[in-house]
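Numbering (the working numbering), first residue to last: 51 to 209.
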(Lines of atoms letter the chains of each structure in order from A and count residues from 1; the text may use other names and numbers.)
(Lines give C-alpha, C1' and ligand atoms only; values in the text may rest on other atoms or scores of the structure.)
Protein backbone atom coordinates (compact mmCIF):
# COMPACT_ATOMS: atom_id res chain seq x y z
CA UNK A 1 0.00 0.00 0.00
CA UNK A 2 2.82 2.41 0.81
CA UNK A 3 4.59 1.65 -2.46
CA UNK A 4 1.50 2.66 -4.44
CA UNK A 5 0.99 5.91 -2.54
CA UNK A 6 4.70 6.78 -2.90
CA UNK A 7 4.51 6.17 -6.63
CA UNK A 8 1.40 8.39 -6.90
CA UNK A 9 3.03 11.13 -4.79
CA UNK A 10 6.11 11.13 -7.04
CA UNK A 11 3.95 11.25 -10.16
CA UNK A 12 1.85 14.09 -8.74
CA UNK A 13 4.87 16.13 -7.67
CA UNK A 14 5.38 19.06 -9.98
CA UNK A 15 8.41 18.86 -12.22
CA UNK A 16 11.14 21.45 -11.84
CA UNK A 17 10.62 24.29 -14.28
CA UNK A 18 12.85 24.02 -17.32
CA UNK A 19 15.12 27.01 -17.85
CA UNK A 20 14.22 29.24 -20.75
CA UNK A 21 16.42 29.05 -23.79
CA UNK A 22 19.32 31.42 -23.53
CA UNK A 23 19.52 31.19 -19.73
CA UNK A 24 22.99 30.32 -18.60
CA UNK A 25 22.66 28.62 -15.26
CA UNK A 26 25.22 26.02 -14.25
CA UNK A 27 23.71 22.62 -13.63
CA UNK A 28 24.58 21.52 -10.12
CA UNK A 29 24.66 17.84 -9.28
CA UNK A 30 25.59 16.93 -5.71
CA UNK A 31 27.53 20.14 -5.15
CA UNK A 32 29.56 19.90 -8.37
CA UNK A 33 28.65 22.19 -11.24
CA UNK A 34 28.51 20.77 -14.72
CA UNK A 35 31.93 20.91 -16.36
CA UNK A 36 33.80 20.53 -13.06
CA UNK A 37 35.21 17.21 -11.97
CA UNK A 38 34.61 15.75 -8.56
CA UNK A 39 37.27 16.34 -5.95
CA UNK A 40 39.74 13.62 -5.11
CA UNK A 41 42.50 11.48 -6.50
CA UNK A 42 42.61 10.75 -10.22
CA UNK A 43 45.12 7.91 -9.87
CA UNK A 44 44.39 4.72 -11.79
CA UNK A 45 42.30 2.11 -9.99
CA UNK A 46 45.11 -0.41 -9.53
CA UNK A 47 47.17 2.26 -7.72
CA UNK A 48 44.26 3.21 -5.46
CA UNK A 49 43.77 -0.46 -4.59
CA UNK A 50 47.05 -0.65 -2.66
CA UNK A 51 47.56 1.85 0.17
CA UNK A 52 51.37 1.74 -0.05
CA UNK A 53 51.31 2.17 -3.82
CA UNK A 54 48.84 5.05 -3.57
CA UNK A 55 50.94 6.88 -0.95
CA UNK A 56 54.08 6.46 -3.04
CA UNK A 57 52.13 7.72 -6.09
CA UNK A 58 51.08 10.80 -4.11
CA UNK A 59 54.67 11.42 -2.99
CA UNK A 60 55.82 11.18 -6.61
CA UNK A 61 53.10 13.58 -7.80
CA UNK A 62 53.98 15.99 -4.99
CA UNK A 63 57.70 15.94 -5.85
CA UNK A 64 57.09 16.47 -9.58
CA UNK A 65 54.58 19.26 -8.89
CA UNK A 66 56.99 20.87 -6.42
CA UNK A 67 59.81 20.82 -9.00
CA UNK A 68 57.55 22.49 -11.58
CA UNK A 69 56.32 25.14 -9.09
CA UNK A 70 59.89 25.90 -7.97
CA UNK A 71 60.95 26.24 -11.63
CA UNK A 72 58.06 28.68 -12.13
CA UNK A 73 59.07 30.70 -9.08
CA UNK A 74 62.63 30.88 -10.41
CA UNK A 75 61.25 32.09 -13.76
CA UNK A 76 59.33 34.98 -12.17
CA UNK A 77 62.33 37.37 -12.05
CA UNK A 78 64.09 35.63 -14.96
CA UNK A 79 62.93 35.34 -18.56
CA UNK A 80 60.28 32.70 -18.93
CA UNK A 81 56.58 32.06 -18.38
CA UNK A 82 56.76 31.95 -14.57
CA UNK A 83 53.06 32.15 -13.70
CA UNK A 84 52.12 29.70 -16.43
CA UNK A 85 54.63 27.16 -15.10
CA UNK A 86 53.43 27.71 -11.50
CA UNK A 87 49.84 27.01 -12.54
CA UNK A 88 51.10 23.96 -14.44
CA UNK A 89 52.62 22.66 -11.21
CA UNK A 90 49.36 23.36 -9.41
CA UNK A 91 47.55 21.36 -12.10
CA UNK A 92 49.93 18.46 -11.50
CA UNK A 93 49.18 18.64 -7.78
CA UNK A 94 45.46 18.86 -8.53
CA UNK A 95 45.53 15.37 -10.02
CA UNK A 96 46.00 14.04 -6.48
CA UNK A 97 45.30 16.66 -3.84
CA UNK A 98 41.92 18.22 -3.05
CA UNK A 99 43.45 21.47 -1.75
CA UNK A 100 45.13 22.05 -5.12
CA UNK A 101 41.87 21.32 -6.93
CA UNK A 102 40.11 23.92 -4.78
CA UNK A 103 42.87 26.49 -5.41
CA UNK A 104 42.62 25.92 -9.17
CA UNK A 105 38.82 26.23 -9.10
CA UNK A 106 39.11 29.51 -7.17
CA UNK A 107 41.78 30.78 -9.58
CA UNK A 108 39.74 29.81 -12.63
CA UNK A 109 36.71 31.60 -11.20
CA UNK A 110 38.71 34.77 -10.45
CA UNK A 111 40.34 34.78 -13.91
CA UNK A 112 36.93 34.39 -15.55
CA UNK A 113 35.53 37.26 -13.47
CA UNK A 114 38.51 39.47 -14.38
CA UNK A 115 38.11 38.64 -18.07
CA UNK A 116 34.43 39.51 -17.95
CA UNK A 117 35.22 42.76 -16.14
CA UNK A 118 37.93 43.62 -18.70
CA UNK A 119 35.36 43.28 -21.49
CA UNK A 120 33.22 46.03 -19.93
CA UNK A 121 33.35 49.03 -22.33
CA UNK A 122 33.97 51.55 -19.52
CA UNK A 123 36.89 49.53 -18.14
CA UNK A 124 38.37 49.05 -21.63
CA UNK A 125 38.10 52.78 -22.36
CA UNK A 126 39.80 53.64 -19.06
CA UNK A 127 42.59 51.12 -19.70
CA UNK A 128 43.20 52.47 -23.21
CA UNK A 129 43.32 56.07 -21.93
CA UNK A 130 45.76 55.13 -19.14
CA UNK A 131 47.97 53.26 -21.61
CA UNK A 132 48.06 56.19 -24.05
CA UNK A 133 48.85 58.65 -21.25
CA UNK A 134 51.64 56.38 -20.00
CA UNK A 135 53.13 56.04 -23.48
CA UNK A 136 53.02 59.83 -23.98
CA UNK A 137 54.83 60.35 -20.65
CA UNK A 138 57.51 57.81 -21.59
CA UNK A 139 57.93 59.38 -25.05
CA UNK A 140 58.33 62.86 -23.51
CA UNK A 141 60.92 61.60 -21.00
CA UNK A 142 62.89 59.82 -23.75
CA UNK A 143 62.71 62.97 -25.89
CA UNK A 144 64.05 65.13 -23.03
CA UNK A 145 66.88 62.66 -22.40
CA UNK A 146 67.88 62.57 -26.10
CA UNK A 147 67.65 66.38 -26.36
CA UNK A 148 69.82 66.87 -23.25
CA UNK A 149 72.40 64.10 -23.70
CA UNK A 150 72.08 63.06 -27.33
CA UNK A 151 72.15 59.52 -28.62
CA UNK A 152 75.37 57.86 -27.52
CA UNK A 153 75.86 54.14 -27.77
CA UNK A 154 77.62 52.43 -24.88
CA UNK A 155 79.96 50.66 -27.31
CA UNK A 156 82.43 52.14 -29.79
CA UNK A 157 81.63 50.91 -33.28
CA UNK A 158 83.95 53.22 -35.22
CA UNK A 159 87.18 51.73 -33.76
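Using N, Cα and C, we set each Cβ at its ideal position, and we do this for glycine too.
Pick out whichever of 133, 137, 144 and 139 has its Cα sitting closest to the Cα of residue 90.
Checked all of 133, 137, 144 and 139; the closest Cα to residue 90 is 144.
Answer yes or no: does any C-beta atom of chain C fall closer than 8 Å to that of residue 132?
Reference to chain C is not applicable here, since this structure consists of a single protein chain.
Straight-line gap, residue 163 to residue 200 (C-alpha atoms, nearest Å)
47 Å
Looking at residue 135: is its Cβ nearer than 8 Å to the Cβ of residue 115?
no
Please look up how many angstroms separate the CB atoms of residue 141 and residue 154, rounded, as I've assumed it's under 8 Å.
7 Å
Residue burial classification, residue 166 (beta-carbon count within 10 angstroms, cutoff 16)
exposed
Can you check the stretch 134-161 for any beta strand (DSSP E) of at least 3 residues that lies completely inside it and give the ranges in chain order?
none
Applying the 10 Å Cβ sphere with the 16-neighbour rule, what's the burial state of residue 110?
With fewer than 16 other Cβ atoms from the protein chains shown falling within 10 Å of its own Cβ, residue 110 counts as exposed.
Residue 146: buried (16+ other C-beta within 10 angstroms of its C-beta) or exposed?
Burial call: buried.
Once the 5 residues before and after residue 125 are set aside, which same chain residues still bring their CB inside 8 Å of it?
131, 132 and 135
Quick one: grab the DSSP three-state call for residue 101.
helix
How about residue 117 and residue 107: do their beta carbons lie closer than 8 Å?
For residue 117 and residue 107, no; Cβs fall outside 8 Å.
Beta-carbon proximity list for residue 170, same chain, < 6 Å, skipping 5 on both sides
none
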